[in-house]
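Notes for the one structure printed next.
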Amino acid sequence: MQITIKKAETLKQRPDSKKLGFGTFFTDHMFNMDYEKGKGWHSPRIEPYSSIEMAPSTMVLHYGQAVFEGLKAFRTESGKIQLFRPKDNLKRMNRSSKLLCIPAIDEKFVLDALKELIKIEKDWVPDEPGTSLYIRPTIIATDPFLGVRASYTYRFFIILCPVGAYYAEGFNPVKIWVTKEHVRAVRGGIGEAKTPGNYAASLYAAEDAHEKGYTQVLWLDGVLQKYVEEVGSMNIFFVINGEIITPMLNGSILPGITRDSVISLAKQWKIPVSERRISIEEVFSAHENGKLEEVFGTGTAAVISPVGEIKYTDKILSINSGKVGVLSQKFFNALTDIQYGKIQDSAGWIEVVL
Ligand SMILES: *Cc1c(COP(=O)(O)O)cnc(C)c1O
7 MQITIKKAET
17 LKQRPDSKKL
27 GFGTFFTDHM
37 FNMDYEKGKG
47 WHSPRIEPYS
57 SIEMAPSTMV
67 LHYGQAVFEG
77 LKAFRTESGK
87 IQLFRPKDNL
97 KRMNRSSKLL
107 CIPAIDEKFV
117 LDALKELIKI
127 EKDWVPDEPG
137 TSLYIRPTII
147 ATDPFLGVRA
157 SYTYRFFIIL
167 CPVGAYYAEG
177 FNPVKIWVTK
187 EHVRAVRGGI
197 GEAKTPGNYA
207 ASLYAAEDAH
217 EKGYTQVLWL
227 DGVLQKYVEE
237 VGSMNIFFVI
247 NGEIITPMLN
257 GSILPGITRD
267 SVISLAKQWK
277 IPVSERRISI
287 EEVFSAHENG
297 KLEEVFGTGT
307 AAVISPVGEI
317 KYTDKILSIN
327 SGKVGVLSQK
337 FFNALTDIQY
347 GKIQDSAGWI
357 EVVL
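One gets the numbering used here by counting positions in the sequence shown from 1 and adding 6 to each.
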């Protein structure tokens with residue numbers, strides 16, 4: 007398939023790279039491609055960023071059949087532009103699609119298309135420390151039809167968004183609230199897919215947490231409400247008595263790429279790491295015994311998000327006196343150093359664009 011390119015006639019005024027925030031500014035162009043049953047994916051094109059016109063009956067608006075991804079491109083000190091583990095994102099997108107009955111994309115073709123798009127938008131990749139170009143590939147069901155079935159047509163698109171340093175105000179631990187009233191996902195459902203419905207399902211609990219003065223929700227498993235699953239929309243790690251523990255992938259946890267990167271680094275550094283079930287009681291009893299050293303979340307946006315306080319029922323647990331832990335800092339530094347090309351990538355995680 008040949009990608010058609012239509013350049014924008016007028017370019018947007020680019021925002022001040024010190025005031026980017028997250029998710030507000032979008033670049034001049036986007037990648038689009040359509041799917042039709044019997045025809046497959048077709049008409050790949052890079053064109054000006056624009057609205058998508060759709061009928062009010064468009065299936066995605068009613069039944070939520072959609073998947074997305076989130077990854078970043080980084081500008082190195084020498085001015086190169088590089089991606090972090092993009093092949094893993096596209097592979098995961100296909101896994102999510104399978105759970106939502108969305109047809110697979112050609113991962114290699116889409117990676118090439120993404121690189122083409124970034125080359126056209128290269129001046130949008132910011133160079134202030136900690137900034138990056140956030141990439142949002144998305145697939146939506148587009149049949150104009152009311153009735154529950156998988157759509158016969160889809161739109162795939164990629165939009166790009168320059169984003170500011172996540173820790174502009176410093177690397178500060180967050181306070182999290184363990185909810186027993188809400189669950190995010192259950193095994194056999196779509197918890198392991200990156201799909202809008204999971205986010206919609208998390209809003210009510212998040213608002214509840216905010217009202218109680220907490221930044222994020224710590225999710226327990228949906229059946230017993232006993233085992234820890236995720237924190238907000240991040241994976242979670244505990245350091246107990248020198249061992250790194252993260253909940254094993256059980257079908258209701260999103261297989262994070264940052265999660266996988268942290269596990270790989272821990273193994274490389276010969277730090278004991280295990281993927282297993284961990285109950286909230288175990289976390290509290292480790293704390294009582296003075297063995298709970300660190301807690302942190304992992305995800306593309308924040309990379310590492312240290313946790314300073316956990317509230318569960320009427321108990322409040324303070325971790326590492328609310329300070330950033332040694333390993334949290336070490337993982338954050340190592341991952342960002344690889345992403346910004348400050349240290350050699352020995353794992354094949356970096357894909358140079360330009
Ligand atoms: C995207 C996401 C993560 C983190 O995945 P990364 O690949 O590390 O960005 C974790 N949990 C949920 C629910 C997510 O949607």
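Idealized CB from N, CA, C, for every residue including glycine.
Suppose you measure from the CA of residue i to the CA of residue j; what does that come to, to the nearest Å?
| i | j | result |
| --- | --- | --- |
| Glu122 | Lys78 | 15 Å |
| Lys348 | Arg81 | 11 Å |
| Thr16 | Ile126 | 14 Å |
| Glu53 | Glu300 | 46 Å |
| Ile111 | Glu235 | 29 Å |
| Ile277 | His48 | 47 Å |
| Asn247 | Thr342 | 26 Å |
| Pro150 | Pro62 | 8 Å |
| Ala72 | Asn204 | 11 Å |
| Ser57 | Thr264 | 31 Å |
| Val245 | Tyr346 | 26 Å |
| Thr137 | Ser23 | 8 Å |
| Ile310 | Lys18 | 32 Å |
| Pro143 | Lys297 | 41 Å |
| Ile387 | Val268 | Outside the modelled stretch of the chain, which goes from 7 to 360, sits residue 387, for which no answer is possible. |
| Phe162 | Gln8 | 16 Å |
| Lys104 | Thr201 | 11 Å |
| Ser291 | Ile145 | 44 Å |
| Gly85 | Asp351 | 17 Å |
| Val184 | Ser270 | 28 Å |
| Phe37 | Cys167 | 13 Å |
| Asn100 | Asn295 | 43 Å |
| Glu59 | His188 | 35 Å |
| Asp118 | Val289 | 44 Å |
| Asp227 | Ala212 | 16 Å |
| Leu152 | Arg193 | 28 Å |
| Ile108 | Val358 | 29 Å |
| Glu42 | Tyr69 | 18 Å |
| Gly197 | Val154 | 20 Å |
| Ser6 | Leu96 | Residue 6 is absent from the model: the chain starts at 7 and stops at 360. |
| Asn178 | Lys336 | 15 Å |
| Ala373 | Phe28 | The displayed coordinates of the chain run from 7 to 360. Any statement about residue 373 would go beyond what the structure contains. |
Sorry if obvious, but does the Cβ on residue i come closer than 7 Å to a heavy atom of ligand 1?
| i | result |
| --- | --- |
| Thr10 | no |
| Lys200 | yes |
| Glu357 | no |
| Ser239 | yes |
| Asn204 | yes |
| Gly228 | no |
| Thr252 | no |
| Leu260 | yes |
| Arg20 | no |
| Glu127 | no |
| Thr264 | yes |
| Thr144 | no |
| Thr185 | no |
| Gly76 | yes |
| Thr306 | yes |
| Glu236 | yes |
Span of the alpha helix (DSSP H) holding residue i?
| i | result |
| --- | --- |
| Asn38 | Not the alpha helix (DSSP H): Asn38 falls in the beta strand (DSSP E), residues His35 to Glu42. |
| Glu294 | Ile286 to Glu294 |
| Lys93 | Pro92 to Leu105 |
| Val66 | Met65 to Tyr69 |
| Leu54 | Residue 54 is actually Pro in this sequence, not Leu. Looking at the DSSP string, Pro54 is not in any alpha helix (DSSP H); the run it does join, the beta strand (DSSP E), is Gly46 to Pro54. |
| Ile344 | Val332 to Gln345 |
Terminal residues of the continuous beta strand (DSSP E) containing residue i?
| i | result |
| --- | --- |
| Phe80 | Leu77 to Arg81 |
| Pro312 | Val309 to Tyr318 |
| Ile322 | Lys321 to Ser324 |
| Gly366 | As displayed, the chain neither begins before 7 nor continues past 360, which places residue 366 out of reach and without an answer. |
| Ala72 | Ala72 to Phe74 |
| Lys181 | Val180 to Val184 |
| Ile356 | Ile356 to Val358 |
Length-filtered (3 minimum) beta strand (DSSP E) runs lying within the region 117-162
Within the region 117-162, the runs of beta strand (DSSP E) that reach at least 3 residues and sit entirely inside it are, in chain order, 138-147.
Contiguous alpha helix (DSSP H) assignments of at least 4 residues, all confined to the region 235-291
If only uninterrupted alpha helix (DSSP H) runs of at least 4 residues are considered, those enclosed by the region 235-291 are 263-274.
Where in the region 199-234 do unbroken runs of the beta strand (DSSP E), each at least 3 residues long, occur, reported from the N-terminal end onward?
For the region 199-234, the continuous beta strand (DSSP E) assignments of 3+ residues that do not extend past its boundaries occur at 222-226, in sequence order.
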